[in-house]
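I have placed the structure first, in the form of structure tokens, so that the comments after it can refer back to it.
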Amino acid sequence: MQRSPSSQLSINQLTNSLLECILKEQHGSIKFDIIKKFQENINNSEIHQFIFQLCYIYYVTGNNHLEEFLKKYGLMNSSNYYRLEWTLKALSEDSKCFPIPDYFAKFFTLMKHEYVNKGLTNTNSREDYFQDMYLIKEARANYQDRQDQLIFNLIEQSLRLKSIEIEERKQQMIAFLKKINQNINYLWQITSQGGITIPFNHGLIDSYLVVHILDDEFTCFNTAKRVPYKIIVETIDPSELELIKKAVEIYQNSSDIQELNPFYDIEKEMKSIAQLKILQQYDIDELKKLALKKVEFHLNPENQKIRRKPRDKDIYASSTNCTSIWGEDWNETQSRIRKSSQFGHLKTYQIRQIIIKGGDDLRNELLIMQMIKKIKEIFEKHKLDIFLRPYDIILTSPNSGILEFIPNTVSIDKIKRDYQDYTLKQFYENFFDCFSEAQTNFLQSLAGYSLICYLFQLKDRHNGNILIDNQGHIIHIDFGFVLTLTPGNLGFETAPFKLIEEYEELLDGKGSYFHNYFQTLIFKGLMALQQEIDEILNFVKIMNFSPKHNLLVSLEKFKIEDFRKRFMEKCSLEQLYENVQNIVKESSNSWTTTLYDYFQFKTNTIYY
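Take the sequence shown: its letters are residues 8 to 615, numbered as in the numbering used here.
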């Protein structure tokens, strides 16, 4: 979907106009002409990025015009419908909120009813196959139930895997994915669709129907409380369903299908897991003792043996024998899979890597990712050589979601585990064909993510949450601890951003050309952001305009005035550059950053 040529305002600007109208009217009536402009731009793909904010505004105001727009949007196609339904669910199912407004609950129920009884504006489905209207409605209802159950099972698997022995997880995952594929195939017989709908916001957006999951290509990531996992899915545009014909086997009766796990209330379990990350408390004095021990640890070479402390390994399954630390190049993987796929001949065919995650509140991360995408656009607009790699986050509930996996990446944790004798610079020198190019990519991406960490007070920056791609860029993931949140309320990681000794060594040391260029990029980045600051603030303003209805824990103690000050708008250019030098100096080899790395190594065996 392309932006309408008649559109004069971006969706960001339209949303800001909507917010200004609400604040002016004390949350009262929203002028219809603003909603009309949204309706005129309903085919603009940028709207997908703001459904989170628009649903929240409706949650607070209950405005009838906005409700009609959301209804029209949701009934356009299956992707829009589930993007809307899951967002409504993510905003409504939260025990710390006040009683859900009646209109909000009724709208959620209404959408499910409308989907079954009236169908979608652009069905792109096989409804004509069923002919009779009663059978069509039954097929729609069947799809709703089966779709919900399939998504539920995919999410629940990330929690269930934790209770399965490490040695048995690979075979269990293969069996599980085969069962999911059988049920996807079964959709062809009992519903109006032929796959799982996942409302992607990247790639070919209309290619959202998952018709197959590779059962021999997955990774299970072992963490303390859950096992999120990566899978590879094949997707198509529903308009090509009829072209598949007999590409998939239509099961003749339900006895051929392995039953999916029944629904049960996993929201409480997922919520308790998510809250553990925030509520855990640690002994500060004990951590300071660890910091002192760290000095002795490095002075005594014999202690390096401690670094081989075992931990539960991630589980990998792949049909290739690639030995590269990054694995098989993603372009080669896509080509290999497409050649052997029964769907590979279709024009809208796409192969996607996604992470399924239960037990994490991804709403805070979604808000930050929206702003990172906007910041990336600003850097590109101002032609700055600053690298950021946003990724897609799809909410499925308040405590679960689907994330885009960034291809051709490896965590610094894995690099340090596999090559314990290498510094980061030595790794770059040995693993990149052109060191100078990789070093430049590292610098440009370090500048970008240093700005992100500084502006959003991003915490939990251990090496499991920092990736390096096969071009040398550094990429941060997992933005659960931002703004006012810190892991376990420790208050560590007090530096503006992570700038450890190894990073500065890779920049050729303090005072070098690369180190100075790094500071210059941060300076130029802040200058660009100052000119576009309102575009960034719109996202957080909307989610924070009604404090009594706040749904995001990261905004509970948030003050937008303090956030704006970090952009240093009122500084002269000389003062701004001096301030940049100061935050770089403050970040350089900070003991609180080093201590947190050491703490994560001692408690979770995350290498540094």
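C-beta: ideal position from N, C-alpha, C; glycine also.
| Other residues of its chain near ILE197: CB distance less than 6 Å, five sequence neighbours each side excluded | ASN149
| query | With distances taken between CB atoms, is the gap from ILE473 to ILE205 smaller than 8 Å? | reply | no
| query | Which of the three DSSP states, helix, strand or coil, is assigned to LYS3? | reply | The structure shown does not extend to residue 3, since the chain is modelled only from 8 to 615, so the question has no answer here.
| field | With 16 other Cβ atoms within 10 Å as the buried cut-off, status of LEU410 | value | buried
| Going along the chain, which residues of its own chain have a beta-carbon closer than 8 Å to the beta-carbon of ASN307, five neighbours each way excluded? | Its pLDDT being 45, under 50, ASN307 is placed unreliably by the model, and nothing is read from it.
| said: On the CB-based measure, 16 or more other CB atoms within 10 Å of its CB, does GLU372 come out buried or exposed? | reply: GLU372 should be labelled buried.
| Shortest alpha-carbon distance to LEU583 belongs to which of PRO108, LYS432, GLY532, ILE243? | Put simply, of PRO108, LYS432, GLY532, ILE243 the residue whose alpha carbon is nearest the alpha carbon of LEU583 is GLY532.
| message | Under DSSP, the beta strand (DSSP E) around HIS483 begins and ends at which residues? | response | 481-483
| the stretch 499-511 contacting the stretch 585-602, beta-carbon criterion three pairs below 8 Å | yes
| message | Using 8 Å as the threshold, is the C-beta distance between ILE243 and LEU216 below it? | response | yes
| query | In three-state terms, what does DSSP make of LEU410? | reply | strand
| task | Within the stretch 114-180, note down every full alpha helix (DSSP H) run reaching 4 residues or more, in order along the chain. | result | 140-167
| query | Is MET140 buried or exposed, if buried means 16 or more other CB atoms sit within 10 Å of its CB? | reply | exposed
| query | Is ARG147 closer than 8 Å to VAL123 when the C-beta atoms are compared? | reply | yes
| request: Could you check what DSSP says for ASP40 in three-state terms: helix, strand or coil? | output: helix
| request: Identify, in the order they occur along the chain, each residue of the same chain with its Cβ nearer than 8 Å to the Cβ of TYR435, setting aside the five sequence neighbours on each side. | output: PHE442, ALA445, GLN446, PHE449, GLY479, LEU513
| request: Go ahead and pull the three-state DSSP assignment for CYS578. | output: In the structure shown, CYS578 sits in coil (DSSP, three-state: anything other than H, G, I, E or B).
| request: Could you tell me which residues DSSP puts in a beta bridge with GLU47? | output: BP columns for GLU47 are empty, so no partner.
| query | Start and end of the beta strand (DSSP E) containing SER418? | reply | SER418 -> beta strand (DSSP E) spans 416-418.
| Nearest CA to the CA of LEU369: which residue from THR403, PHE45, THR340, PHE394? | THR403
| message | Determine whether the beta carbon atoms of ASN545 and THR22 lie at a separation below 8 Å. | response | Contact flag set, yes.
| Which residue comes first and which comes last in the alpha helix (DSSP H) that contains LYS388? | 370-388
| task | Put VAL217 into one of helix, strand or coil per three-state DSSP. | result | Here VAL217 sits in strand by DSSP.
| query | LYS421 to LYS432, Cα distance in whole Å? | reply | 15 Å
| said: If I follow the unbroken alpha helix (DSSP H) through VAL240, where does it start and stop? | reply: It is not in any alpha helix (DSSP H) - VAL240 instead sits in the beta strand (DSSP E) that spans 236-243.
| query | Among ILE158, PRO405, ILE375, which one has its Cα closest to the Cα of LEU98? | reply | PRO405
| Can you tell which of ILE212, ASP223, TRP93 has the C-alpha that lies nearest to the C-alpha of ALA182? | Closest option to ALA182, Cα to Cα, is ASP223.
| THR600, buried or exposed, once every other Cβ within 10 Å from all chains shown has been counted against 16 | buried
| message | Give me, in chain order, the residues of the same chain whose beta-carbon lies closer than 8 Å to that of LYS380; leave out the 5 immediate sequence neighbours on both sides. | response | Short of 8 Å from the beta carbon of LYS380, and not among the five residues preceding or following it, lie these beta carbons of its own chain, in chain order: GLN56, PRO397.
| For ALA502, which residues from the same chain have a beta carbon less than 7 Å from its beta carbon, with the 5 sequence-adjacent residues on both sides left out? | Once the five neighbours on either side are set aside, the close Cβ partners of ALA502 are GLU593, SER594, SER597, THR599, THR600.
| On the three-state DSSP scale, how would you describe LEU297? | With a pLDDT of 46 at LEU297, under the threshold of 50, the modelled position of this residue cannot be trusted, and the question is left open.
| request: Output yes or no for whether 8 Å exceeds the beta carbon distance between LEU602 and PHE499. | output: yes
| said: Just checking GLU224 against the ligand FAD - is the residue's beta carbon closer than 7 Å to any of the ligand's heavy atoms? | reply: By its list of ligands, the structure shown contains no ligand whatsoever, and the ligand FAD lies outside what it can speak to.
| In or out: HIS72 buried (at least 16 other Cβ within 10 Å) or exposed? | buried
| said: Can you tell me which residues form a DSSP beta bridge with LEU402? | reply: GLY408
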